[in-house]
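Chemist: Position one of the sequence shown corresponds to residue 1 (full-length UniProt numbering), numbered consecutively onward.
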Amino acid sequence: MSRAFEESQNIRDSGRRTDGKPSINRREHEKVMIDRFKCNAHLFLEHLPDDKDDLSWLAVMQHHGAPTRLLDFTFSPYIALYFALESGDGDAAVYCINQDALSEADDEYFGSKKLGVHSRVMDGEESIDDPCLYAFEPNFSNQRLLSQQGLFVATNNLTHTHEVTLSEYNCSKGAIVKFRIPARLRYSGIRLLHRMNVTTTNIYPGLDGFCQSFKRQPVFGLEWQERLGKQ
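#1: If the criterion is Cβ atoms closer than 9 Å, does the pair residue 168 and residue 152 meet it?
#2: Rounded to whole angstroms, what is the Cα-Cα separation between residue 102 and residue 226?
#3: What distance in whole Å lies between the Cβ atoms of residue 85 and residue 181, which are believed to be in contact at a cut-off of 8 Å?
#4: Our contact map puts residue 122 next to residue 74 with C-beta atoms below 8 Å; I'd like the distance itself, whole angstroms only.
#5: How far does the alpha helix (DSSP H) with residue 209 in it extend, from its first residue to its last?
#6: Quick one: what's got a C-beta closer than 7 Å to residue 177's C-beta in the same chain, skipping five residues either side?
#7: Identify, in the order they occur along the chain, each residue of the same chain with its Cβ nearer than 7 Å to the Cβ of residue 172, setting aside the five sequence neighbours on each side.
#8: Do the segment 112-122 and the segment 190-199 make contact, defined as three or more Cβ pairs closer than 8 Å?
#9: Buried or exposed: where does residue 208 fall if 16 or more other Cβ atoms within 10 Å of its Cβ makes it buried?
#10: Which residues mark the beginning and the end of the alpha helix (DSSP H) in which residue 80 is found?
#11: What is the DSSP secondary structure of residue 100, reduced to helix, strand or coil?
#12: Between residue 161 and residue 155, what straight-line distance do the alpha-carbon atoms span, to the nearest angstrom?
#13: Assuming residue 194 contacts residue 144 (C-beta within less than 8 Å), just tell me the rounded distance between them.
#14: Using a threshold of 9 Å, state whether the C-beta atoms of residue 206 and residue 81 are closer than that.
#15: Mind checking whether residue 48 and residue 59 have CB atoms under 9 Å apart?
#16: Per DSSP, what are the beta-bridge partners of residue 177 in this structure?
#17: In or out: residue 126 buried (at least 16 other Cβ within 10 Å) or exposed?
#18: How many angstroms separate the CA atom of residue 32 from the CA atom of residue 26?
#19: Classify residue 72 as helix, strand or coil using the three-state DSSP reduction.
#20: Can you find the residues in the same chain that come closer than 6 Å, C-beta to C-beta, to residue 77, ignoring five residues on each side of it along the sequence?
#21: Where do the N-terminal and C-terminal ends of the alpha helix (DSSP H) with residue 183 fall, by residue?
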């Protein structure tokens, strides 16, 4: 599985982007956010997850921009590369993680307790479980997640970033790889992905994605954008 970042960024979820703010009880705040979202989501969405499936609720919240304990990943390195290149103008990076290696490391560390630890991923702190990462595809999916070949990685302890927890895993060499993409290759990379049909329109299905694709029109040049057969 792969994930894109600005080259200088650390691996952390959106719920931890509170630099400089006072210490807070992240789990209690998370419970309040989930409850408020559940109470109001029906006003905006026709289809909703099972009430007890908090991981799927978090996935929906993440999809719409809420801060969560989740990190978006994709099974496609090309889609990860797209996300690395499509925004910003500096160096970018793609992290590739062997999910099987993480699972095997958890097998070795937790033993027969692994399934129980993973099942309590939302309450690892309250259960006094050692920090771990849990990769999953939500039971309640959506069109964008399918288009992006997406999945999520959750941490079971909100006081630990994904990066800190990942650094404590005893994985074999090559299980976690960071690819750095120099800024000078950004636009040529976008053009190559476009030829492979890895485009904003396909990654963000619907009118919004189609309109967002116009932002990169100057990168491709007019000869690639004008409609064939136009008189």
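Glycine included, C-beta positions come from ideal geometry on N, C-alpha and C. Since the structure is predicted, the reported quantities are computational estimates derived from the model, not experimental observations.
Modeler: Walking through what the data contain:
#1: The Cβ atoms of residue 168 and residue 152 do not sit closer than 9 Å to each other.
#2: Each residue's alpha carbon lies about 47 Å from the other.
#3: At roughly 7 Å, the Cβ-Cβ gap stays under 8 Å, so residue 181 and residue 85 are in contact.
#4: Incorrect: roughly 23 Å between the Cβ atoms, too far for contact.
#5: Where residue 209 is concerned, the enclosing alpha helix (DSSP H) stretches over 207-212.
#6: Cβ neighbours of residue 177 beyond the five flanking positions: 96.
#7: 101, listed in sequence order.
#8: No, the segment 112-122 does not touch the segment 190-199.
#9: Under this definition residue 208 is an exposed residue.
#10: From DSSP, the alpha helix (DSSP H) with residue 80 extends over 77-85.
#11: Of the three classes helix, strand and coil, the one that applies to residue 100 here is helix, per DSSP.
#12: Between the alpha carbons of residue 161 and residue 155 lies a distance of about 8 Å.
#13: Rounded to the nearest angstrom, the Cβ distance from residue 194 to residue 144 is 19 Å, too far for a contact under 8 Å.
#14: No. Outside cutoff.
#15: No, the pair does not count as a contact, with Cβ atoms beyond the cut-off.
#16: Beta-bridge analysis with DSSP links residue 177 to 96.
#17: Classification of residue 126: exposed, given that the 10 Å Cβ count is below 16.
#18: Rounded to whole angstroms, residue 32 to residue 26 spans 10 Å at the Cα level.
#19: For residue 72, the secondary structure class from DSSP, reduced to helix, strand or coil, is strand.
#20: Cβ neighbours of residue 77 beyond the five flanking positions: 2.
#21: Taken as a continuous stretch (DSSP letters only), residue 183 belongs to no alpha helix (DSSP H), as it is neither H nor E.
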